[in-house]
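The structure appears right after this line, and notes come after that.
Numbering (UniProt numbering), first residue to last: 1 to 401.
What follows is the structure, encoded as structure tokens:
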């Protein structure tokens, strides 16, 4: 495979590097990242320093290059549901994500019965192990958002499938996950002795608080024991009160835990987004979509697991009006965060690249433009719209026009 030299106006490594600058791709890996005077100078440096006489130079200026985006929390997209689709549908979901800049994702499975959960884990693990084609986002882990959630904050999770944390059921999951299970959401107050959390840590999984009625004290106790992440901050938990700060208060003030934000302008008010960024910073926040099958599709009726959801004016809800995930895309989340809070591009891009890569256990492989990293990249215009995407060093998407 010939060496490729991508020359861009600016790099987000995710640190902002003014250009022109070059990212050199050697097969599926990044071989070098350099400041250069122009495309010709980049080719000369590749010949002199890497000994590659045959190289394809792609001058992307005035576009900007960033690592491929990683979505840690997604239930579906493009008409496909992560919890119910067959293998072809799951691959279709992965292909639909590419134009949004997502090159890696963690499918989030909603609560189901014991047998269905085992089946879902086995199916996604098989797909992940087999690998995706280069025109599809890569599975970088599996997430279980349930079934061990608090019914009092269940959101769109099916009440009939919620149950108390069960170490035996976790043991069953681990017999079929093939090493792909990454994140398990649960309500810490349902595990007062911490036995389930201890089992998650034994299996080297990421324990995540979600759909919880945990108090400030409950959550701090869980963090002391090893809880390290939280699903969609502000959503699926009690609101902040100055005399009863609750889970939100703990998550905004404890630097041992990472959090997620849904920046669609529906789930979280812009002031709350700004508060979270000011309190925790881009190193501790992952932007996620929490997208459902109706994302990327016209208004209509779709499914989330076994439930019907209705998308109207771009907002997904259960028939009773409860919010049911989102129709957000990760590139739009970046643009929204910049526009709604005034955060800089480099910080917003970090929240969809390096920070989620670390949370997903992909540190050292994904989330950065650096030598030895996977050659997953996205080219953005000045407004943050995706123009081109590379997966494993090959073009996976190019915007028309």
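Glycine is no exception: its CB is placed at the ideal position from the N, C-alpha and C atoms.
In this structure the stretch 384–398 does not lie against the stretch 105–121, because fewer than three pairs of beta carbons, one per stretch, are closer than 8 Å. In this chain, the beta strand (DSSP E) harbouring residue 29 covers 29–35. Distances from the CA of residue 272 to each of 309, 342 and 199 were compared; the closest alpha carbon is that of 342. The Cβ atoms of residue 24 and residue 37 lie no closer than 8 Å to each other. Within the same chain, 178 come within 6 Å of residue 129 by CB-CB distance, once the 5 residues on both sides are set aside. Assignment of beta-bridge partners to residue 395 by DSSP yields 390. DSSP places residue 262 outside both helix and strand once states are collapsed to three, so it counts as coil.
Under a 10 Å Cβ-count criterion, residue 366 is classified as buried, with 16 or more other Cβ atoms of the shown protein chains found around its own Cβ.
DSSP places residue 92 in the uninterrupted alpha helix (DSSP H) bounded by 87–97. DSSP places residue 376 outside any beta strand (DSSP E), giving it a letter other than H or E. Nearest Cα to residue 222 within the set 203, 256 and 5: 256. Bounds of the alpha helix (DSSP H) holding residue 274 are 270–280.
The stretch 126–190 is shown to contain whole beta strand (DSSP E) runs of 3 or more residues at 142–145 and 181–186, in chain order.
Burial check for residue 216: the Cβ neighbour count within 10 Å reaches 16 or more, so the residue is buried. If the five residues before and after residue 63 are omitted, its C-beta is found closer than 7 Å to the C-beta atoms of 8, 9, 379, 380, 381 and 387, all from its own chain and listed in chain order. Cβ-Cβ distances below 6 Å link residue 258 to 229, 284 and 359 in the same chain, with the five nearest sequence neighbours on each side left out; the list follows chain order. The stretch 151–159 makes no contact with the stretch 88–100: fewer than 3 CB pairs, one atom from each, lie closer than 8 Å.
Here residue 370 is exposed: its Cβ has fewer than 16 other Cβ atoms, across all protein chains shown, within 10 Å.
Distance from the CA atom of residue 160 to the CA atom of residue 174, rounded to whole angstroms, is 23 Å. Closest by C-alpha distance to residue 111, out of 263, 305, 240 and 322, is 305. Close CB contacts of residue 346 within its chain, under the 7 Å cut and outside five residues either way in sequence, are with 12, 14, 15 and 16 (chain order).
Taken atom to atom, the span from the alpha-carbon of residue 232 to that of residue 210 is near 8 Å.
Contact annotation, residue 29 with residue 373: C-beta distance approximately 7 Å; criterion of less than 8 Å satisfied. Annotation: residue 78 to residue 355 spans about 25 Å, alpha carbon to alpha carbon. Only residues of its own chain outside the window of five on either side were considered, and among them 106, 140, 141, 142, 143, 205, 206, 360 and 361 have a CB closer than 8 Å to the CB of residue 182, listed in chain order. By DSSP's assignment, residue 4 forms a beta bridge with 25 and 56. Between the C-alpha atoms of residue 83 and residue 120 there is a straight-line separation of about 6 Å. Taking a contact to require three or more Cβ pairs closer than 8 Å, the stretch 194–202 and the stretch 131–139 do not qualify as touching. Relative to the Cα of residue 165, the nearest Cα in the group 176, 158, 172 and 187 belongs to 187. By a beta-carbon distance limit of 8 Å, residue 289 contacts residue 328. Their separation comes to about 4 Å. When the beta-carbon positions are compared, residue 5 and residue 353 stay at least 8 Å from each other. In the three-state reduction of the DSSP assignment, residue 241 falls in the strand class, which pools E and B. The beta carbons of residue 295 and residue 252 sit no closer together than 8 Å.
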